[in-house]
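Here's the structure we're looking at; comments come further down.
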Amino acid sequence: MTQPSRLAIVPFVSVDSMMRLVLTIGVERFLTELAGYIEEDFRRWELFDKTPRVASHSHDGVIELMPTSDGQLYGFKYVNGHPKNMREGRQTVTAFGVLADVGSGYPMLLSEMTILTALRTAATSAVAAKYLARKDARAMAIIGNGAQSEFQAMAFKALLGIDRLRLYDIDRSASEKCARNLAGLGLDITICTSGQEAVEGVDIITTVTADKQYATILTDNMVGGGVHINAVGGDCPGKTELHKDILLRSDIFVEFPPQTRIEGEIQQLAPDHPVTELWKVMTDKAIGRTNAKQITLFDSVGFATEDFSALRYVRDQLQKTGLYEELDLLADPDEPRDLFGMLLRAES
């Protein structure tokens, strides 16, 4: 068989390559640079094709496609969310993504996105908090200490200077895992015995739980004035983390309202309840935090532009690091109209 032409080859970033890429760059630098790409694309928000993700729901979870384009590049992510997977020794969330050239339609990158999604979610949370949390915020509670928790902690440390962390999970071993993984990384960590204890004296509350159900991770009495809430776990219909009364006391900021009203905390509210799009705060078209007593809420569900940003960032690192494989993904016959002939010639 002949060797594939260069036109047939697509760079592929495997899980192993992604891990080595992150470690080569450094976790905090990776998160900081990735946050820069995410912020850049939020500032270009009006250029993007935007649509709520295409979701296929089942009793056990959801499988989603998240596409977008800025007119030059096209990206999409395949991602699932299956909370029961953890009981079977599997990841709750797995993902992969593609970045393509709009002009030719040819893919330019195929990448794992299980690790990359955790990184981009954390980076997006920290970017939002940079605009919405109090400038003197240094202490954060993380309620739900699963696979996303360490990434959130490192992103907030890198971008906001968070140095005190209070952890709570209904499974204490998850909190112990999180504390162990973050040991020696410049964070003063306390494992708490309840959500109420975890939020005492903090400036930022991150909720990142996995169960696909209407849940009340935060009750109204747990949230005092001046707090910024980073609500990450509620990300599909029928899955929430905050008591409705908290929403009614908060100024709410979202990525893409048509998607967030279906999937986010605000699915509990009237369809016309006022929310502010995050990109407008970043471009001075809307106001974020106005005073030290205000409760701000980032109702984060994850949007396709964030994955697009993450794929752009990874692609820009490949030539510098060489941490990718070449995948023979595309058929490239000598004569574009002779695909069948290419098949026949492969026999010889």
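Be aware that the sequence shown starts at 5, since it is given in my numbering, and climbs by one per residue. All C-beta atoms, glycine included, are put in the ideal place defined by N, C-alpha and C.
- In the structure shown, Ile174 adopts coil according to DSSP, grouped into three states.
- Boundaries of the beta strand (DSSP E) harbouring Tyr218: Tyr218 to Leu222, taken from the DSSP string.
- Taking all protein chains shown into account, Phe344 has fewer than 16 neighbouring C-beta atoms within 10 Å of its C-beta and is therefore exposed.
- In this chain, the alpha helix (DSSP H) harbouring Gly345 covers Leu343 to Arg349.
- Non-local C-beta neighbours of Ala137 in its own chain, meaning closer than 6 Å and more than five positions away in sequence, comprise Ile208 and His232, ordered along the chain.
- Contact annotation: the region 180-196 touches the region 146-156, with at least three C-beta pairs closer than 8 Å.
- Under the three-state reduction of DSSP output, Val258 falls in the strand class.
- Per DSSP, reduced to three states, the secondary structure at Cys182 is helical.
- Between Leu163 and Ala39, the C-beta gap is smaller than 8 Å, which places the two residues in contact.
- Sequence-distant partners of Ala335 (beyond 5 residues in either direction) whose C-beta falls short of 8 Å from its own C-beta, in its chain, are Ala12, Leu343 and Met346.
- In the three-state reduction of the DSSP assignment, Lys139 falls in the coil class.
- A residue is called buried once 16 or more other Cβ atoms fall within 10 Å of its Cβ, and His63, having fewer, is exposed.
- Taking a C-beta distance under 8 Å as the contact criterion, Leu103 and Asp74 do not qualify as a contact pair.
- One alpha carbon belongs to Pro111, the other to Arg265, and they sit about 32 Å apart.
- Our two residues, Glu329 and Ser21, have alpha carbons roughly 8 Å apart in a direct line.
- For Thr300, the beta-bridge partners assigned by DSSP are His232 and Asp255.
- Assignment of Ser21 by DSSP, reduced to helix, strand and coil, places it in the helix class.
- Setting aside the 5 residues that flank it on each side, Thr280 is surrounded in the same chain by Phe257 and Ala290, each with a C-beta closer than 6 Å to its C-beta; the list follows chain order.
- The Cβ neighbour count for Val106, taken over all protein chains shown within 10 Å, is under 16; the residue is labelled exposed.
- Residue burial is scored here from C-beta neighbours: Val58 has fewer than 16 other C-beta atoms within 10 angstroms and is therefore classed as exposed.
- By DSSP's assignment, Glu68 forms a beta bridge with Ala59 and Val83.
- The DSSP-derived three-state label of Gly40 is helix.
- Counting only the Cα atoms, Leu282 lies some 15 Å from Thr294.
- Comparing alpha-carbon positions, the option among Lys54, Phe302, Val206 and Ile67 lying closest to Tyr135 turns out to be Phe302.
- Judged by DSSP secondary structure, Phe100 falls within the beta strand (DSSP E) whose first and last residues are Ala99 to Asp105.
- Judged by pairs of C-beta atoms under 8 Å, the region 228-245 touches the region 298-318, as three or more such pairs exist.
- Judged by DSSP secondary structure, Glu116 falls within the beta strand (DSSP E) whose first and last residues are Pro111 to Glu116.
- For the 8 Å CB-CB criterion, Phe307 and Glu259 form a contact.
- For Leu25 against Ala127, the beta-carbon gap comes to about 15 Å, at or over 8 Å, which does not count as contact.
- Exclusion of the five residues before and after Thr220 leaves His247 as the residues of its chain whose Cβ lies within less than 6 Å of its Cβ.
- When rounded, the separation of the alpha-carbon atoms in Ile42 and Arg33 is 14 Å.
- No Cβ-Cβ contact shorter than 8 Å links Val31 with Met117.
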